[in-house]
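Student: First, the structure itself, so that you have it in front of you.
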Amino acid sequence: MYLELDGHGPLYEQLTRALKVSILDGRIVAGTQLPPTRELAQELELSRTTVLAAYEQLRAEGFIDGRVGSGSFVSHLQTRPAPPHGRMAIAPPSRYAQRARAVRNWDIPRMHRGLRYNLQYGYPVINPALNNAWGRELVRAAAYTRLNVNEVAGVGALRQQTCDYLARRRGVQVQPDDILIVTGTQQAINLTARVLVNEGDSVVLEEPHYFLAHQALAAHGAELVAVRTDEQGLVCDELPAQSPRLVYVTPSHHFPTGAVLSMQRRVELLHYAQQHQCWILEDDYDGEFRYDAHPLAAMRSLDEQDRVIYVGTFSKVLFGGLRLAYIVMPAALRTDFLNAKYLSDMACPVIEQAALAHFMEDGGFERHLRLARKELKARRDVLVAGLKEHAGDRVDITDTPAGMHLVAWLRGYDAPRCEALIAYAHEHGLGLYPMAPLYRHAPERQGLLLGYCALSVTELREAMQLFGQCLDHMERA
1 MYLELDGHGP LYEQLTRALK VSILDGRIVA GTQLPPTREL AQELELSRTT VLAAYEQLRA
61 EGFIDGRVGS GSFVSHLQTR PAPPHGRMAI APPSRYAQRA RAVRNWDIPR MHRGLRYNLQ
121 YGYPVINPAL NNAWGRELVR AAAYTRLNVN EVAGVGALRQ QTCDYLARRR GVQVQPDDIL
181 IVTGTQQAIN LTARVLVNEG DSVVLEEPHY FLAHQALAAH GAELVAVRTD EQGLVCDELP
241 AQSPRLVYVT PSHHFPTGAV LSMQRRVELL HYAQQHQCWI LEDDYDGEFR YDAHPLAAMR
301 SLDEQDRVIY VGTFSKVLFG GLRLAYIVMP AALRTDFLNA KYLSDMACPV IEQAALAHFM
361 EDGGFERHLR LARKELKARR DVLVAGLKEH AGDRVDITDT PAGMHLVAWL RGYDAPRCEA
421 LIAYAHEHGL GLYPMAPLYR HAPERQGLLL GYCALSVTEL REAMQLFGQC LDHMERA
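First residue of the sequence shown? That's 1 in the working numbering, and the numbers climb one at a time after it.
Here it is as structure tokens:
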């Protein structure tokens, strides 16, 4: 029991006052049994005689009742009235907290649990063998890692493996000192905002866009400028004439439409950044997964002015709970990113970093990627075939041979009808998610973002059959 003695007068009087305050404030509620005198005396390092005297005084004043053989219990008293208006006035939260509260209340796609067929985007492909392999790596790392040493930028071995991987798979040539290990893409976006964006600075977002990037930048106080995308990605001709501070893009596989930023537009965007003295944040969230050819080189590989802040993630590739990603830092911003990371959480967990570094060095990472690509292609093919069979001309499929999701546009649906379809599907165990919340402005047509990582080939076939039945119901309704 926490009791603070005020230091004035005899000890039994101090203890009596402390107990009275706790009872009147409601911290010790009516009916509570007080500790035995011997136990409380030991806990407070007082004599038992002092505690007995305090209990007797409280009993005499009616604060406690003594029950023979049971102990002392707090009486039912009228406690202090609540302050006016129900609570005391408190200082308002920071402007950041107020903005974060506002953006987190936006209507964004929600994850639903307990659905038989959940087409939620964001779940990595499940590889049962990965659990055992990762467990072995963690055991090894715990045995061989220096647990009292952790670099702000990340474990050196992991930064080296990341450099090797980027050169081999993404066409990006960097050194370990250019790499900063972070706890997921979301921290990468937040650190970028801390380093570059002041309240009121303009930041360009693709339209539609990744909603968590939108929320992070808006909470930071950025003035967001939505620039349209089409089948070739960001429409560079519509970039603002007034220089933004930052341009956030997903060029290898636009989220959510899947468009790939054309080479011509990549060059135009890099030229725009140089001309307007702004920075580009390249979010390469699933560039590893391309099924018709080798993965495209990242836009960072074309950057000769060192203006691209490149972000990649291990969590999307392996499993979401890993929470490890990386930033390729421009030389001019390296110190600022390291400072921001240190002040945020000092460094990422060392054992997980060491385990991942050895997993990559030993070839386990590449083996997992090969298996994941093969499995994801099979699931994507089944999803597309199922949409064509059961939805037919009632949807238009944006089918890009990459990533972990695709978009199905609903023909003849307005927003209320789309919401009704999603609600009906949910009632019957099918999780569907709308495209509309991924736009800053209402889209011209309604669509669904369909993730296919979390379901097996068989489950996807069954899910598409159910989807067709849901469409049938909407036509009859």
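Glycine included, C-beta positions come from ideal geometry on N, C-alpha and C.
From Ala385, His405, Thr16, pick the residue whose C-alpha is nearest to that of Glu462; which is it?
Tutor: Comparing Cα-Cα distances from Glu462 to each of Ala385, His405, Thr16, the minimum goes to Ala385.
Student: Which ranges would you report for the beta strand (DSSP E) in the segment 216-242 if only whole runs of at least 3 residues count?
Tutor: Segments of the beta strand (DSSP E) lying fully in the segment 216-242: 223-230.
Student: With respect to the beta strand (DSSP E) encompassing Arg67, which residues constitute its N-terminal and C-terminal limits?
Tutor: Where Arg67 is concerned, the enclosing beta strand (DSSP E) stretches over 64-67.
Student: Closer than 7 Å by C-beta to Arg228: which residues in its own chain qualify, once you throw out the five before and the five after it? Chain order, please.
Tutor: Here the set comprises Glu207, Val235, Glu238.
Student: For Gly135 and Ala142, what's the separation of their Cα atoms in angstroms?
Tutor: About 11 Å.
Student: Applying the 10 Å Cβ sphere with the 16-neighbour rule, what's the burial state of Gly66?
Tutor: Looking at its Cβ environment, which holds fewer than 16 other Cβ atoms inside 10 Å, Gly66 is exposed.
Student: Give the DSSP-derived three-state secondary structure of Phe365 in the structure shown.
Tutor: Of the three classes helix, strand and coil, the one that applies to Phe365 here is helix, per DSSP.
Student: Between which residues of its own chain and Ile108 is the CB-CB distance below 7 Å, once the five residues before and five after are set aside?
Tutor: Interpretation of Ile108 is limited by its pLDDT of 47, a score under 50 that renders its predicted location unreliable; no figure is taken from the coordinates.
Student: Among residues of its own chain, excluding the 5 on either side of Asn273, which ones have a beta-carbon nearer than 6 Å to its beta-carbon?
Tutor: The question names Asn, but residue 273 is Ala in the sequence shown. Answer for Ala273: Ile280, Arg307, listed in chain order.
Student: For Leu205, write down the residues that DSSP places opposite it in a beta bridge.
Tutor: Per DSSP, Ala226, Tyr248.
Student: Which residues in the same chain as Arg95 place their Cβ atom closer than 8 Å to its Cβ, once the five residues preceding and following it in sequence are excluded?
Tutor: Cβ neighbours of Arg95 beyond the five flanking positions: Glu199, Gly221.
Student: Whole-angstrom Cβ separation of Leu430 and Met474, contact assumed at under 8 Å?
Tutor: The Cβ separation is near 13 Å, so there is no contact.
Student: What residues in its chain sit with their C-beta under 6 Å from that of Glu231, if we drop five residues either side in the sequence?
Tutor: The residues are Ala259.
Student: Are Val172 and Tyr285 closer than 9 Å when you measure CB to CB?
Tutor: The answer is no: Cβ separation not under 9 Å.
Student: Excluding the 5 residues flanking Arg478 on each side, which residues of the same chain have their C-beta closer than 7 Å to its C-beta?
Tutor: The structure shown does not extend to residue 478, since the chain is modelled only from 1 to 477, so the question has no answer here.
Student: With respect to the beta strand (DSSP E) encompassing Leu450, which residues constitute its N-terminal and C-terminal limits?
Tutor: It spans 447-451 - the beta strand (DSSP E) in which Leu450 sits, taken as one unbroken run.
Student: May I ask which residues mark the beginning and end of the alpha helix (DSSP H) holding Ser344?
Tutor: 334-345 is the extent of the alpha helix (DSSP H) around Ser344.
Student: Does Gly26 pass the burial test, meaning 16 or more other C-beta atoms within 10 Å, or should it be called exposed?
Tutor: Gly26 should be labelled exposed.
Student: Using DSSP bridges, identify the partner residues of Glu282.
Tutor: Per DSSP, Val249, Tyr310.
Student: Taking the CB atoms as reference points, tell me whether Leu3 and Leu44 lie closer together than 9 Å.
Tutor: Their beta carbons are under 9 Å apart, which means Leu3 touches Leu44 by this criterion.
Student: Comparing alpha-carbon positions, which option in Ala18, Leu24, Ala219 lies nearest Tyr55?
Tutor: Per the Cα distances, Ala18.
Student: Which residue's Cα is closest to the Cα of Asn416: Asp396, Arg445, Val249, His428?
Tutor: Note on identity: in this sequence residue 416 is Pro, with Asn being the wrong assignment. Among Asp396, Arg445, Val249, His428, the Cα nearest to that of Pro416 belongs to Arg445.
Student: Let's test the definition: count the other Cβ atoms within 10 Å of the Cβ of Gln14 and tell me whether it reaches 16, buried, or not, exposed.
Tutor: Classification of Gln14: buried, given that the 10 Å Cβ count is 16 or more.
Student: Starting from Arg290, follow its DSSP beta bridges and name the residues at the other end.
Tutor: Arg290 pairs with Ala402.
Student: Within the chosen definition, does the segment 401-416 reach the segment 323-331 through at least 3 CB pairs nearer than 8 Å?
Tutor: Contact fails: fewer than three Cβ-Cβ distances are below 8 Å.
Student: Can you tell me which of Val203, Ala213, Val155, Asp177 puts its alpha carbon nearest to the alpha carbon of Arg104?
Tutor: Here the closest residue by C-alpha is Ala213.
Student: Please classify Glu288 as buried or exposed, where buried requires at least 16 neighbouring CB atoms within 10 angstroms.
Tutor: Answer is buried; the Cβ neighbour count reaches 16.
Student: Going by the CB atoms, is the gap between Met435 and Leu448 shorter than 9 Å?
Tutor: Contact flag set, yes.
Student: Contact check, Arg266 vs Met299 under 8 Å by CB: the rounded distance?
Tutor: Between Met299 and Arg266 the Cβ distance is about 5 Å, and since that is below 8 Å, they are a contact.
Student: Within its chain, find whatever has a CB closer than 8 Å to the CB of Leu466; leave out the 5 residues flanking it on each side and keep chain order.
Tutor: For Leu466, where only same-chain residues beyond five positions count, the Cβ hits under 8 Å are Tyr117, Ala425, His428, Gly429, Leu430.
Student: Would you report the Cα separation of Leu356 and Pro176, rounded to the nearest angstrom?
Tutor: Leu356 and Pro176: Cα-Cα distance of roughly 15 Å.
Student: With 16 as the cutoff for other CB atoms within 10 Å, does Tyr144 come out buried or exposed?
Tutor: With fewer than 16 other Cβ atoms within 10 Å, it is exposed.
Student: Should the segment 185-198 be called in touch with the segment 340-350, which here means at least 3 C-beta pairs below 8 Å?
Tutor: The segment 185-198 vs the segment 340-350: in contact.
Student: What's the C-alpha gap between Ile28 and Val74?
Tutor: Cα-Cα distance, rounded: 8 Å.
Student: Sorted by chain position, which residues of the same chain lie with C-beta nearer than 6 Å to Ala157's C-beta, five sequence neighbours on each side aside?
Tutor: Ala357.
Student: Since Leu369 contacts Cys453 with CB under 8 Å, what's their CB separation in whole angstroms?
Tutor: Going by Cβ atoms, the distance from Leu369 to Cys453 rounds to 14 Å, so no, they are not a contact pair.
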